[in-house]
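Quick note: the sequence shown uses my numbering, first residue 75, plus one each step.
Each residue gets a CB set at the ideal place from its N, CA and C atoms; glycine is no exception.
All of these numbers come straight from a predicted model, not from anything done at the bench.
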Amino acid sequence: CGFILGRYCDGRIRTIWPFRKHPKWLAMGETFFEKHGGKSIVLGRFIGPARSTVPLVAGLLRLSWPRFIVAAIPSAVLWALMYTIPGIMLGVLSVEAPKGEGTKFFLYGLLFFAIIWFIFWVVQHFFLQLARLVNHTTDRLWHYLTKHHGGKFLIRLITNQQKPSDHHQLTLLLTAILSFILFLILLVNVMHHTILTAINFPVFHALQSIRTPEMDKIFVVLTIMGAPMVCIWISIIMSVGFLLRKQWRAGLHFLAGAGAAIVAARFFKHISHSLRPQGFVSISHTSSFPSGHTTASFAVYLLLSYFVSQLIDKKYRWIPWTLFGTLVFFVGFSRLYVGAHWVTDILGSSLIGTAVILCCIVSYRRMPNLRGQLRLPPVFTAILLFVSMAYPYSIYLYRDFSDSLIQYQRVQPAQTIAMQAWWDHPLTYTPLYRNDRFGKPFQPLNVQWQGNLSQIKMILKQRGWVAPLKQTKLKSALQRFSSLNAEYHTPLLPWLYHNQPPVLFLIKHVPARKRIIELYLWDSHITLTPGNQTLWIGAVDVRLAPTELMSIRQRAKISLRNNIGLKNLIADTASLQQKLVTASRDQSSLRWNHRVLLMRTQPIM
């Protein structure tokens with residue numbers, strides 16, 4: 075309706091109440107529309123003050139019907155879904171909740187969405203205020219330095235000759251200095267393994283726990299995009315292209331910036347001596363700090379985004395920054411994912427890369443004369459970008475993809491031992507506990523089972539063991555928030571051993587209790603001879619349901635108290651040969667009685 079009124083009432087709408095009395099309503103909508111263009115129809119749908127006036131302003135400014143419909147209908151559907159789905163979910167949870175819990179669920183839901191909105195508002199306003207503060211402080215510092223003898227040399231050195239009052243040169247330089255100082259602090263922490271490196275192992279183990287063959291291929295493709303040789307060739311081809319068009323200043327700055335970043339990375343690698351993550355098919359012997367891939371890609375691709383942005387209109391400059399910035403982020407993340415670097419390596423690369431490219435941009439923006447300003451035809455720019463990126467990348471991707479895919483694979487420790495040796499000394503060959511997804515000791519491994527997996531499953535199911543409900547089903551997932559039965563509080567993500575999910579996960583209900591007994595079995599990567607039988611390693615425990623729903627203080631947990639789980643398993647497998655051994659006290663903080671059950675279905679020869 076607003077769009078129709080705007081198109082057919084035209085200028086008369088300004089003389090009609092309430093716009094005659096409140097002209098700022100239309101002015102706000104016009105400003106928003108002029109800033110965002112056609113996409114303001116989509117954005118305005120989700121912004122309260124603009125939602126009612128943007129369609130009207132679009133009509134006043136004669137936006138075409140097809141463009142309005144293309145933007146309005148999808149955004150209306152998305153808006154309806156976003157506003158109704160939370161209410162539907164709250165309603166379903168309230169219906170499924172136990173008696174007397176419905177109001178609590180509803181209030182918790184409202185509180186959750188209110189907190190999300192508040193966090194978004196705080197972050198948005200914090201960065202706006204921070205930007206204003208930095209801009210104001212730098213402006214005052216710029217004027218202070220211009221009036222004092224000690225600062226005049228610095229000001230003359232960095233001043234943009236075409237805009238002498240442009241204090242953003244100082245902002246960029248100070249940011250570069252701050253980045254380099256932070257890099258040096260991080261370097262000292264890495265060399266001495268102090269507190270800042272504590273995040274490395276948890277993030278490394280978390281990322282290794284989510285790896286899949288399909289994702290491996292994607293991230294190997296991304297990591298090759300940041301290979302130093304690929305970035306070197308991109309910088310060479312781009313610089314040659316600039317020089318061919320007599321853009322000497324841009325070409326030399328681009329080549330110097332890329333070269334300085336790569337040289338800096340190699341230099342700091344030489345002095346840092348940081349060991350790389352272990353456990354892969356092939357591991358580089360160079361220091362891991364900083365990441366050469368990330369530093370090179372940070373410098374080359376962000377310098378690319380800067381120079382490309384100088385060739386286009388200001389309102390579109392966010393596009394190259396967003397595209398190349400996203401690429402740089404994924405190159406850095408790929409180095410973490412494939413296990414080639416630690417988090418501190420990527421942070422260090424980002425800091426040194428920021429320092430280098432900002433110094434390069436400050437030098438370029440000095441612009442002694444207008445002839446140094448970058449000017450390239452759009453077609454030539456597009457061809458140069460395509461050739462400089464596609465040519466070296468396609469060559470190195472074709473050459474290195476298969477080898478890199480193998481190189482970054484995890485090595486699974488495999489053993490072959492005699493069955494008698496395992497039976498006599500089982501704890502010599504197997505760990506006492508498994509780690510969680512962050513590399514911390516989490517669960518005792520109190521079961522070792524030799525036998526055929528299908529036979530094991532059949533024996534247990536005959537004694538009342540069943541597969542747990544699939545948490546991927548919506549109803550089962552909702553029961554997690556509305557039921558006190560332990561069956562609905564099993565882990566959402568599978569528990570892993572050596573980053574592998576269990577080959578068998580069964581539960582058994584405890585009569586008249588809301589708790590369950592859980593049994594996990596994993597492949598131990600140990601083969602028993604003779605017979606080449608697989609040894610399965612696992613854990614049996616009791617899962618206790620939470621005493622309260624939606625509580626931070628209470629949650630479902632596992633218990634090994636009184637060996638209830640182990641006793642049930644012993645009784646249910648009485649037909650097998652069994653042996654209980656007691657492990658020596660380990661150094662982990664896990665509380666258990668160190669009793670390990672051995673079972674076998676094949677006689678020892």
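Between the stretch 197-210 and the stretch 401-414, the count of C-beta pairs closer than 8 Å stays below three; the two stretches do not touch. Here Gln486 carries a coil assignment [DSSP, helix/strand/coil].
Under the criterion of beta carbons closer than 8 Å, Leu376 and Gly399 qualify as touching, at roughly 7 Å. Proximity to Leu432 across Leu609, Gly406, Phe328 peaks at Phe328, based on C-alpha coordinates. Residue state for Ile386 is assigned as coil, using DSSP reduced to three classes.
Following the DSSP letters along the chain, one finds Leu672 inside the beta strand (DSSP E) bounded by residues 669-674. Apart from sequence neighbours up to five positions away, the residues of its chain that approach His599 with a beta-carbon distance below 8 Å are Gln486, Pro487, Ala488, Gln489, His572, ordered along the chain. Burial state of Met463 is buried, judged by a 10 Å Cβ sphere holding 16 or more other Cβ atoms. A straight line joining the alpha-carbon of Leu349 with that of Phe254 spans about 22 Å.
By the Cβ criterion, the stretch 415-430 is not in contact with the stretch 284-304, since fewer than three pairs of Cβ atoms, one from each stretch, lie closer than 8 Å.
Inter-residue distance for Ile259 and Phe227 is about 28 Å (C-alpha atoms, whole angstroms). DSSP places Gly612 within a strand segment (E or B) once states are collapsed to three. Rounded to the nearest whole angstrom, the C-alpha separation of Leu270 and Gln524 is 44 Å. Going by C-alpha positions, Leu672 is about 49 Å away from Gly366. Annotation: Asn636 is outside any beta strand (DSSP E) and is labelled neither H nor E by DSSP.
Between Thr647 and Ile491 a beta carbon distance of about 23 Å is seen, past the 8 Å cut, so the two are scored as non-contacting. Distance check between Asp419 and each of Ile273, Gln481, Ile311, Leu247 places Ile273 closest, using alpha-carbon atoms only. Within its own chain, the residues whose Cβ lies closer than 6 Å to the Cβ of Tyr438, once the five positions on either side in sequence are excluded, are His327, listed in chain order.
The beta-bridge partner set that DSSP reports for Arg508 consists of Gln517. Listed in chain order, the non-local C-beta contacts of Leu385 below 7 Å within the same chain comprise Leu448, Leu450, Thr455, local neighbours out to five positions each way being set aside.
For Gln651, the enclosing beta strand (DSSP E) begins and ends at 651-656.
Taking 3 residues as the shortest admissible run, the stretch 547-605 contains the following complete beta strand (DSSP E) segments, listed from N- to C-terminal end: 578-583, 590-603. Considering only Pro515, Trp610, Leu459, the residue with the shortest C-alpha distance to Ser313 is Leu459. Nearest to Ala370 by C-alpha distance, out of Ile284, Thr504, Leu593, Ala334, is Ala334.
Ala205 and Arg214 have their C-alpha atoms spaced approximately 14 Å apart. Going by beta carbons, Leu640 and Arg674 fall outside the 9 Å limit. Ala613 and Gln517 do touch by the CB rule: their CB atoms are close to 5 Å apart, below 8 Å. Under the DSSP definition of a beta bridge, Leu618 partners with Lys631.
Assigned with DSSP and collapsed to three states, Gln352 falls in coil, not helix or strand. Following the DSSP letters along the chain, one finds Ala332 inside the alpha helix (DSSP H) bounded by residues 322-346. Contiguous beta strand (DSSP E) elements confined to the stretch 247-309 do not occur, taking only those with 3 or more residues.
Listed in chain order, the alpha helix (DSSP H) elements of length 4 or more contained wholly in the stretch 448-499 are 452-481, 493-498.
Taking a C-beta distance under 9 Å as the contact criterion, Thr360 and Val402 do not qualify as a contact pair. Annotated three-state conformation of Gln607 is strand, per DSSP.
Exclusion of the five residues before and after Pro276 leaves Phe512, Gly513 as the residues of its chain whose Cβ lies within less than 7 Å of its Cβ. Across the set Gln235, His210, His583, His279, the C-alpha of His279 shows the shortest separation from the C-alpha of Pro515.
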